[in-house]
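In this note's numbering, the protein residues as written are 47 to 227. Just so you know, even glycine gets a beta-carbon here, dropped at the ideal spot from N, CA and C.
Here you go:
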C-alpha cells in the first residue's frame, strides 16, 4: 500500500489520526495506512489529513509545522471537504486552479453550491464575492463545449496578489466559522 509524505511537518514522535499513522521522517512526516485499510480509504483519509494540516499551518502561520497530539480534529468532520479544497488551492500551480479550488471550498460549506453566492458574500464581501463568481463563470464558459466556444468569450483576467490573499483569509474564516452557522 502507498505511503505519503507531508513535507514541512515536524513530529516529535509517532502520531495516529483517524486510522492513519504519522511517522517522523526527514523533511516531513510519513503517512502510513492503518492495519487492513484499503487503498481507496487510505488515499481519501490522507487527502483529508493533508487538508487539515494545510488549514492548521495557515492558521498558525508556521513553516515548518510542529504537529503534536491533539492539534488536529479527532477525525474527519463536516469541514473535511473544505479542508481538501483549501489544500488544493494552496498547492495550485496557477491562479485559475487556485481560484477554482477556493470556489469549491466555499461550495463545501453547509448548503453546498446552492448557497455559494450567500457564503462568498458573507466571507468575502459583496464586491470580491461577485468578482470570484464572475471569474468562475468566465472559466466555465471558456472551458465549455463547442457551441459555447463558438461565441467570443472573455478570458478571465489576472488577480492582484492582495485579492488572492483576501480570498485565502476568507476561506480560513469560513473553515473556522462556516460550520456553526
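Beta carbon of residue i nearer than 8 Å to that of residue j
i, j, result
"residue 113", "residue 220", "no"
"residue 126", "residue 151", "no"
"residue 52", "residue 218", "no"
"residue 84", "residue 48", "no"
"residue 111", "residue 130", "no"
"residue 120", "residue 61", "no"
Closest residue to residue i among the options (Cα-Cα distance)
i, options, result
"residue 67", "102, 95, 187 and 54", "95"
"residue 170", "215, 181 and 124", "215"
"residue 55", "75, 116 and 132", "75"
"residue 65", "89, 58 and 57", "89"
"residue 177", "161, 187, 188 and 209", "209"
"residue 122", "63, 141 and 59", "63"
"residue 140", "207, 173, 164 and 124", "207"
Cβ distance (whole Å) where residue i is taken to contact residue j below 8 Å
i, j, result
"residue 185", "residue 202", "6 Å"
"residue 166", "residue 145", "In fact, because the Cβ distance is near 11 Å, the residues do not count as touching under 8 Å."
"residue 302", "residue 132", "Residue 302 is absent from the model: the chain starts at 47 and stops at 227."
"residue 77", "residue 87", "Actually they are not in contact, since the Cβ atoms of residue 77 and residue 87 sit about 13 Å apart, beyond 8 Å."
Exposure label - residue i; buried when at least 16 CB within 10 Å
i, result
"residue 97", "buried"
"residue 50", "buried"
"residue 159", "exposed"
"residue 156", "exposed"
"residue 81", "exposed"
"residue 104", "buried"
"residue 224", "buried"
"residue 154", "buried"
"residue 192", "Legend: pLDDT at residue 192 = 43, less than 50; position of this residue unreliable, no value from coordinates given."
"residue 175", "buried"
"residue 168", "buried"
"residue 79", "buried"
Cutoff 8 Å: residue i Cβ touching any chain B Cβ
i, result
"residue 109", "Absent from the structure: chain B. Only one protein chain is present."
Legend entry - Completely contained beta strand (DSSP E) runs for the segment 131-208, where each covers 3 or more residues: none
Legend entry - Runs of beta strand (DSSP E) lying entirely within the segment 69-136, each at least 3 residues, in chain order: 74-79 and 111-113
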